[in-house]
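Using UniProt numbering, read the sequence shown as starting at 1 and increasing by one per residue. Ideal Cβ placement from N, Cα and C applies to all residues, glycine included. Reading through the structure tokens given below for one structure.
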Amino acid sequence: SKKEILLLKKWGVGLENYLDIYTCPSLSPNHGSDFFHFVLQYSPDHVTRVGDGPDPSEISFPGCSCHSTSCSASMCSCLHYGDNYNNSCIIREGNELDFSKPIFECNTMCHCGELCQNRVIQRGLQFRLEVFKTTKKGWGLRTLEFIPKGRFVCEYAGEILDFKEACRRIQLQTSSDSNYIIAVREHLHDEQVLETFVDPTYIGNVGRFLNHSCEPNLFMAPVRIDSMVPKLALFANCDICANEELTYDYSGRYGNYLPVKYQEKLQKEDSKKPCYCGTKLCTGFLPYDSSLFYKDNTGNSPKEKL
Ligand SMILES: C[S@@+](CC[C@H](N)C(=O)[O-])C[C@H]1O[C@@H](n2cnc3c(N)ncnc32)[C@H](O)[C@@H]1O
Ligand SMILES: [Zn+2]
Ligand SMILES: [Zn+2]
Ligand SMILES: [Zn+2]
């Protein structure tokens with residue numbers, strides 16, 4: 001068969017870009033020997049629509065007309081908000097709010113070459129990663145080599161859901177199920193909220209094995225390349241040593257700001273799971289996006305409910 005089956009130990013560089021089908025451990029730690037298959041592909045089928053706006057998967061970008069070897073903010077139309085990367089490291093200046101500036105990489109329509117410094121996450125995985133069994137958190141992901149601060153580590157890829165489908169899937173979960181659905185909200189200048197829901201439960205990549213930490217070594221940023229549908233990219237928050245577990249903050253600190261009203265809800269509602277991140281600043285519980293738990297959801301975006 002054309003299907004490529006790999007064992008966990010062999011997962012590594014290029015996984016996101018080249019593999020079609022691979023095996024992964026059962027979600028339940030009690031069934032460590034059970035394997036199921038899931039297809040690794042980026043699914044453009046379900047796309048969040050914001051109001052009556054255009055379908056974001058159908059918006060593409062014109063591309064820059066730079067003829068230099070690499071694009072820079074002074075010249076390049078893709079770098080309207082300033083340079084995104086320096087030596088493959090994401091540029092983060094000033095306070096945390098700057099993390100949420102939109103990132104557009106150069107795309108297939110751009111005149112610059114493959115070596116352009118504004119092409120980073122499109123090159124795929126650059127570090128060898130390994131899925132391993134943690135003591136209390138089920139499976140986790142660690143790096144087998146040193147990762148410098150600012151470098152792209154991996155994507156959080158999965159099915160792109162609309163709000164209604166994300167709610168439906170979340171409501172089907174029981175409290176013992178792992179949750180993989182992530183909601184990313186981008187706040188636009190005109191108070192519009194752009195939402196992206198990604199579910200790697202059935203279709204996904206190694207990003208689905210990332211555990212939460214209250215003091216994480218990765219942060220997430222939405223990056224757009226050829227379409228308005230962002231890729232959820234995880235970057236190193238600090239230098240990361242070989243064999244360290246990779247984690248990010250599920251509450252979306254750094255860039256994915258939840259409106260204050262959601263934060264209140266996060267604390268009030270009861271569906272709380274203990275956090276075993278083991279850090280000094282641990283809040284004791286996993287963050288939860290309770291906006292996806294409205295039982296009376298009509299498919300309207302939560303913005304309209306605030
Ligand atoms: C996206 S999955 C991460 C991979 C998961 N550990 C597995 O075995 O597939 C999210 C789930 O992992 C578990 N998890 C992640 N971070 C955790 C933490 N800090 N403490 C306890 N459980 C955690 C929770 O069950 C959560 O619903
Ligand atoms: Zn370029
Ligand atoms: Zn350019
Ligand atoms: Zn914690």
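If you measure from each CB to the nearest heavy atom of ligand 1 and keep those under 5 Å, what residues do you get, in chain order?
Qualifying residues come out as K137, G138, W139, S178, N179, Y180, F209, N211, H212, C275, Y276 and C277.
Using 8 Å as the Cβ pair cut-off and three pairs as the minimum, do the region 111-127 and the region 62-72 touch?
Short answer: they touch.
Between T279 and ligand 4, is there a pair consisting of the residue's CB and a ligand heavy atom that are separated by less than 8 Å?
Checking every heavy atom of ligand 4 against the Cβ of T279, one is found closer than 8 Å.
How would you label S176, buried or exposed, when you count the other beta carbons within 10 angstroms and need 16 or more for buried?
Its Cβ having fewer than 16 others within 10 Å, S176 is exposed.
On the DSSP letters alone, give me the boundaries of the beta strand (DSSP E) that K231 sits inside.
It spans K231 to A236 - the beta strand (DSSP E) in which K231 sits, taken as one unbroken run.
Short check: CB of F235 to CB of F219, under 9 Å?
Contact flag set, yes.
Taking only runs that begin and end inside the UniProt domain "SET" (127-251), name each unbroken alpha helix (DSSP H) of 4 or more residues, in chain order.
Qualifying alpha helix (DSSP H) stretches, in chain order: 163-172.
Where the beta carbon is closer than 6 Å to any heavy atom of ligand 3, which residues qualify, in chain order?
For ligand 3, residues qualifying as neighbours are C64, C66, C71, C76, C78, C106, C110 and C112, where qualification means a beta carbon closer than 6 Å to at least one of its heavy atoms (chain order).
Can you give the Cα-Cα distance for N87 and K149, rounded to whole angstroms?
Approximately 11 Å, taken between the alpha carbons.
In chain order, what residues of the same chain lie with their CB nearer than 6 Å to the CB of F285, ignoring the 5 residues before and after it?
Hits under 6 Å: K272 and C275.
Alpha-carbon to alpha-carbon, C106 and P287
The C-alpha of P287 lies about 34 Å from the C-alpha of C106.
Distance between beta carbons of A242 and L129, contact taken as under 8 Å:
Contact doesn't hold; Cβ gap of about 11 Å is too wide.
Are L281 and V206 close, meaning C-beta to C-beta below 9 Å?
No, these two residues do not count as a Cβ contact at 9 Å.
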